[in-house]
Amino acid sequence: MNIKELLKASRFKMIALDDDPTGIQTVHGCLLLTDWSEENVQRAFQDEADFFYVLTNTRAMTAAQAAEVTRSAMQAILKANQDFNYRLIFVSRSDSTLRGHFPLETNVMHECLEACGIDRLPLTVFAPAFIEVGRLSIEGVHYLKDGDKLIPVNETEFARDNVFAYHHANLQDYIAEKLGGKAFAYERFRKGEKLENLKTYIEALQNNEPAFLTVDADTYDDLENFAACLLQYLSQDERVAVLRTSSSLPKALSGIENKDLLSKDELIQGENLHQGLFIVGSHVKKTTAQLEKLLQCPQVQGIELSIEDILYRSDELWEKLQAELIACDAADLTPVVYTARKEVRLDNADERQALGQKVSDFLVSIVARLPYQPAYLVAKGGITSHDILTHGLNIKLARVMGQILSGVPCIRTDNSARFAHLPYIIFPGNVGNENSLAEAFEKLK
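Heads up: the sequence shown begins at 953 in the working numbering, then just goes up one per residue.
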């Protein structure tokens, strides 16, 4: 049986708790929930797709908040499934450059399953490979591919993240670092291995929690092979699996077919008298390079926001910005609103999170107060795109359309959103080359 048949035969439902809004960057056709009310979760279980995503956005939270939100989402899902009795597979979808609350979130998922008396595999599958953008796990080491070079992720800017810094690209060493010296059991599923190998590893890890199984993968064939082995194992074993992944393994586990990149006609339906809008909040080096290229495009108008103005003069800043947006639209220019590129250094993670939230709140207010509906909206960066999605556009549930560029997802809003039927493009901060934002603009204009 292929993966789709395995999912149907055993009534599996894969549920991805996504720690930022970019995790849907490989999938299409499923539902994305930003609100796990009983009604929304019921709708997701009733949906034809064999999987759905729940956007928890925990990467933008403190550890305590992340645990609380993960627990809340898990409890809502497990309660709703009592009416459907699906075989569940839980994915903690996170960053392919190893940033995020790990192993906190998977620990909470295991705790919730235990509390509900649900049999589970007493281990966490760890598969951070993201094939589309060259994040590859080879012989137990995780790399970022840059051209022809493979760079261990601990040598990249992502390992020096203000909140989620780390020192190891070897995944066993990375896990050890994140566990703070606590003993753990470890196995590695290698390229080309089969169901019998997986059974051996699970048996070896069985009574040794905390336990982790990493997955070597530098192609989709590797991930699809592992996905098929895991589903075959679970169809016989009946326990629930918990996985920590980036965006590629959920696609492999979903069994969906590949889909072409979205065309302009698919994205923008009907006539719109207004220009689109770009809002750029991410500060990683890649985003800054992409922003510079975008601002060189004809018909684009850059509008820089200073962090000081956002923090201390937000009312005056909004009045000025609103006038600039209206003027751009009247002149048939596409505005690109971006925060000043200089990163503000603060003493601790909580202060950095609080500053990021204040900046994000202002960016959200742009969408909430925008005096016209743009032809489309592109948000660059995880925190920015989440807060615009949930607070600016007020989206509770949406259908994932697909991708405009590889790794860049798009959803369409429904009638209940701030702007109905708006193509909303979620552009991850660390995806694409320096021309990618400009390519998205050229495709949309």
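Note that the Cβ used here is the ideal one computed from N, Cα and C, for glycine as well.
Same chain only: Cβ atoms within 8 Å of residue i, ignoring 5 sequence neighbours per side
i       : result
Val1105 : Thr1049, Leu1050, Arg1087, His1094, Tyr1095, Leu1096, Ala1111 and Ala1121
Gln1305 : Ala1012, Met1013, Thr1014 and Val1115
Lys1151 : Tyr1185
Ser962  : Arg1039, Leu1183, Leu1186 and Ser1187
Gly1092 : Asn1122, Leu1123, Gln1124, Arg1140, Thr1166 and Asp1168
Asn954  : Ala1180 and Gly1207
Asn1159 : Pro1074
Asp1302 : Thr1014
Lys1310 : Ile1262 and Leu1263
Glu1107 : Ala1121
Arg1370 : Val1319, Ala1320, Gly1344, Leu1345 and Asn1346
For residue i, the three-state DSSP class (helix, strand or coil)
i       : result
Arg1364 : strand
Gly1254 : strand
Thr1171 : coil
Phe1036 : coil
Met953  : coil
Pro1380 : coil
Leu1355 : Note on identity: in this sequence residue 1355 is Gln, with Leu being the wrong assignment. Strand at Gln1355.
Tyr1126 : helix
Asp1113 : coil
Ser1215 : coil
Pro973  : helix
Thr1286 : strand
Lys1272 : helix
Phe1371 : coil
Arg1045 : strand
Lys1031 : helix
Ile967  : strand
Leu1131 : coil
Ile1347 : coil
Leu921  : This structure cannot settle anything about residue 921, because the visible part of the chain is limited to 953 through 1397.
Leu1050 : coil
Thr1108 : coil
Ala1163 : strand
Span of the beta strand (DSSP E) around residue i
i       : result
Pro1202 : First-last for Pro1202: Ser1200 to Ser1206, but that is the alpha helix (DSSP H), not the beta strand (DSSP E).
Ile1231 : Leu1229 to Val1232
Phe1393 : Taken as a continuous stretch (DSSP letters only), Phe1393 belongs to no beta strand (DSSP E), being part of the alpha helix (DSSP H) at Ser1388 to Leu1396.
Val1060 : Note, Val1060: premise wrong, no beta strand (DSSP E); alpha helix (DSSP H) at Leu1056 to Ala1067.
Lys1332 : Leu1329 to Lys1332
Arg1140 : Ala1137 to Phe1141
N-terminal and C-terminal residue of the alpha helix (DSSP H) that residue i is part of
i       : result
Leu1195 : Taken as a continuous stretch (DSSP letters only), Leu1195 belongs to no alpha helix (DSSP H), being part of the beta strand (DSSP E) at Val1192 to Thr1197.
Ala1117 : First-last for Ala1117: undefined, no H or E at that position.
Thr1240 : Lys1237 to Leu1247
Tyr1264 : Ile1259 to Tyr1264
Tyr1153 : Leu1147 to Leu1157
Residue i: CB within 7 Å of a non-hydrogen atom of the ligand NAP
i       : result
Asp1281 : In terms of ligand content, the structure shown is empty, and the ligand NAP therefore cannot be addressed.
Own chain residues within Cβ distance below 6 Å of residue i, not counting five before or after
i       : result
Leu1277 : Pro1287
Ala1028 : Trp988 and Val993
Ser1258 : Ala1292
Gly1359 : Gln977, Glu1084, Val1085 and Val1383
Leu1175 : Ala1169, Ser1200, Leu1201 and Ala1204
Residues near residue i by beta carbon distance below 7 Å, same chain, minus five either side
i       : result
Glu1386 : Ala1241, Gln1242 and Lys1245
Ala1032 : Glu990, Val993, Gln994 and Phe997
Glu1391 : Leu1357
Met1061 : Thr1022, Met1026, Phe1042, Ser1044 and Val1194
Min CB distance residue i to chain D below 8 Å
i       : result
Arg1051 : In the structure shown, chain D cannot be found, because there is only a single protein chain.
* Specify whether the region 998-1007 and the region 1379-1393 touch according to this definition: at least 3 beta carbon pairs, one from each stretch, less than 8 Å apart. => The region 998-1007, when compared against the region 1379-1393, does not touch it at the 8 Å Cβ threshold.
* Which runs of the alpha helix (DSSP H) spanning at least 4 residues fall entirely within the region 1069-1100, listed in chain order? -> Segments of the alpha helix (DSSP H) lying fully in the region 1069-1100: there are none.
* **the region 1114-1131 touching the region 1191-1206, judged by at least three CB pairs closer than 8 Å** => Touching, no, given that fewer than three Cβ pairs across the two stretches are closer than 8 Å.
* What runs of the alpha helix (DSSP H), each 4 residues or longer, lie entirely inside the region 984-1020? -> Taking only runs of at least 4 residues, the alpha helix (DSSP H) segments lying wholly in the region 984-1020 are 990-998.
* Say whether the region 1245-1254 touches the region 1344-1364, bearing in mind that this needs 3 or more beta-carbon pairs closer than 8 Å, one atom from each stretch. => No, they do not touch.
* To do: Could you tell me whether the region 1262-1275 touches the region 1355-1366, using the rule of 3 or more Cβ pairs below 8 Å?
  => They do not touch, by the three-pair rule.
* **Three CB pairs or more closer than 8 Å across the region 1314-1334 and the region 1267-1280** => Flag = yes, the region 1314-1334 and the region 1267-1280 touch.
* For the region 1332-1341 against the region 1233-1250, are there 3 or more C-beta pairs whose distance is under 8 Å? -> With the cut-off at 8 Å, the region 1332-1341 and the region 1233-1250 touch.
* **Meets three-Cβ-pair contact criterion under 8 Å: the region 1213-1227 and the region 1016-1025** => Output reads no: the region 1016-1025 does not touch the region 1213-1227.
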